[in-house]
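Student: In full-length UniProt numbering, the protein residues as written are 1 to 252.
#1: Out of 68, 172 and 50, point me to the one whose CA is closest to residue 137's CA.
#2: Given that a residue counts as buried once 16 or more other Cβ atoms are within 10 Å of its Cβ, and exposed if not, what is residue 39?
#3: Among 104, 149, 34 and 192, whose alpha-carbon lies nearest the alpha-carbon of residue 61?
#4: Assign residue 174 to buried or exposed, taking buried as 16 or more other Cβ atoms, counted over all protein chains shown, within 10 Å of its Cβ.
#5: So what does residue 47 bridge to, in DSSP terms?
#6: Does the separation of the CB atoms of residue 141 and residue 131 fall below 9 Å?
#7: Buried or exposed, going by whether 16 or more other CB atoms sit within 10 Å of the CB of residue 230?
#8: Given this structure, state the Cα-to-Cα distance separating residue 254 from residue 183, to the nearest angstrom.
#9: Residue 253: which of 243, 139 and 235 sits nearest, CA to CA?
#10: Taking residue 78 as the reference, give the member of 94, 89, 100 and 223 with the closest Cα.
#11: Taking C-alpha atoms, which residue in 117, 125 and 160 lies nearest to residue 75?
#12: Put residue 176 into one of helix, strand or coil per three-state DSSP.
#13: Apply the 10 Å Cβ neighbour rule to residue 25 and answer buried if 16 or more other Cβ atoms are within range, or exposed otherwise.
#14: For residue 63, which residues from the same chain have a beta carbon less than 8 Å from its beta carbon, with the 5 sequence-adjacent residues on both sides left out?
#15: Kindly identify the DSSP beta-bridge partner or partners of residue 40.
#16: Just to confirm, is the Cβ distance from residue 116 to residue 156 under 9 Å?
#17: Tell me the DSSP secondary structure of residue 106 in three-state form.
#18: Which residues in the same chain as residue 238 place their Cβ atom closer than 6 Å to its Cβ, once the five residues preceding and following it in sequence are excluded?
#19: Run the CB neighbour count on residue 105, radius 10 Å, all protein chains shown included, and call it buried at 16 or more, exposed below.
#20: Please name the residue in 46, 122, 107 and 114 whose C-alpha comes closest to that of residue 98.
#21: Residue 164: which of 85, 70 and 216 sits nearest, CA to CA?
#22: With H, G and I counted as helix, E and B as strand and the rest as coil, what does DSSP make of residue 94?
#23: Determine whether the beta carbon atoms of residue 48 and residue 178 lie at a separation below 9 Å.
#24: Can you check which of these residues, 152, 129, 232 and 244, is closest to residue 256 by C-alpha distance?
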């Protein structure tokens with residue numbers, strides 16, 4: 001049997017404590033168990049100078065304007081790319097790399113859109129970004145891949161003669177690449193040719209110039225292709241050359 005004070009204070013206190021506990025448990029479950037952040041399962045590919053959006057959406061939809069919101073790059077120090085707290089941006093926490101280049105869609109926070117806009121993309125922006133809501137202990141990651149938008153079409157030149165096999169030495173060169181690309185030589189039927197090692201030079205602008213040489217013999221088509229490609233940015237450039245079947249090789 002439970003004893004109660006005549007004034008009912010014990011009963012009221014017990015009921016109040018129980019109500020607070022139930023409310024706290026409900027709030028904890030609602031905040032941490034109901035929500036998730038949706039980013040992008042595929043890398044976001046951007047060209048130098050682009051303005052791009054790194055997606056981050058609350059599901060189910062909820063007003064995020066009153067929450068603390070963080071965009072970070074874990075490999076940097078400080079790691080903060082953008083911080084929203086108490087209804088405003090905390091610019092003092094932002095890494096200097098991102099000054100005046102990152103923003104949220106403030107009017108869309110009320111619909112759970114926490115996506116980050118990154119302006120004037122640089123090569124140093126490439127990396128993994130984290131969208132995080134501390135109060136909900138929820139996060140998602142987005143990978144950004146930066147590619148060059150000034151890559152050149154490969155140039156093929158005749159650089160010499162291989163006297164041993166009476167073949168021609170062709171050189172292929174292409175500039176303005178980022179990240180570093182691969183170079184392939186193909187014959188007229190699309191078969192890969194065995195070429196020497198690719199020479200790579202990284203310029204002061206961090207862009208790559210690549211060159212490759214191959215020795216070719218007479219084939220029934222005498223057509224050859226130099227292909228330069230960067231898989232992570234889905235960029236490919238190629239040049240074809242046709243060597244006349246009656247070319248003369250003079251051996252001194």
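Even for Gly, the Cβ is constructed at its ideal location relative to N, Cα and C.
Tutor: The short version:
#1: Of the candidates 68, 172 and 50, the one whose C-alpha sits nearest the C-alpha of residue 137 is 68.
#2: By the 16-neighbour rule on beta-carbons within 10 angstroms, residue 39 is buried.
#3: The candidate whose alpha carbon is nearest that of residue 61 is 34.
#4: With 16 or more Cβ atoms within 10 Å of its Cβ, residue 174 is classed as buried.
#5: Answer by DSSP bridge pairing, in chain order: 147.
#6: Cβ atoms of residue 141 and residue 131: closer than 9 Å.
#7: Answer is buried; the Cβ neighbour count reaches 16.
#8: The question about residue 254 has no answer here: the residues shown for the chain are numbered 1 through 252.
#9: No information on residue 253 is available, as it lies outside the stretch 1 to 252 that the chain covers here.
#10: Ranking 94, 89, 100 and 223 by Cα distance to residue 78 puts 94 first.
#11: In terms of Cα proximity to residue 75, the closest of 117, 125 and 160 is 125.
#12: Looking at residue 176 - three-state DSSP - the assignment turns out to be strand.
#13: Here residue 25 scores only 39 on pLDDT, less than 50, and its place in the model should not be relied on; the value that follows carries that caveat. Classification for residue 25: exposed.
#14: Around residue 63: 109, 110, 111 and 112.
#15: Note: residue 40 sits in no beta bridge, so no partner.
#16: Going by C-beta atoms, residue 116 is not nearer than 9 Å to residue 156.
#17: In the displayed model, residue 106 falls within a helix according to three-state DSSP.
#18: Exclusion of the five residues before and after residue 238 leaves 225 and 227 as the residues of its chain whose Cβ lies within less than 6 Å of its Cβ.
#19: It is exposed - the Cβ of residue 105 has fewer than 16 other Cβ atoms within 10 Å.
#20: A check of alpha carbon separations from residue 98 across 46, 122, 107 and 114 identifies 122 as the nearest.
#21: Comparing alpha-carbon positions, the option among 85, 70 and 216 lying closest to residue 164 turns out to be 216.
#22: Coil, per DSSP.
#23: Their beta carbons are under 9 Å apart, which means residue 48 touches residue 178 by this criterion.
#24: Not covered by the structure: residue 256. The range shown for the chain is 1 to 252.
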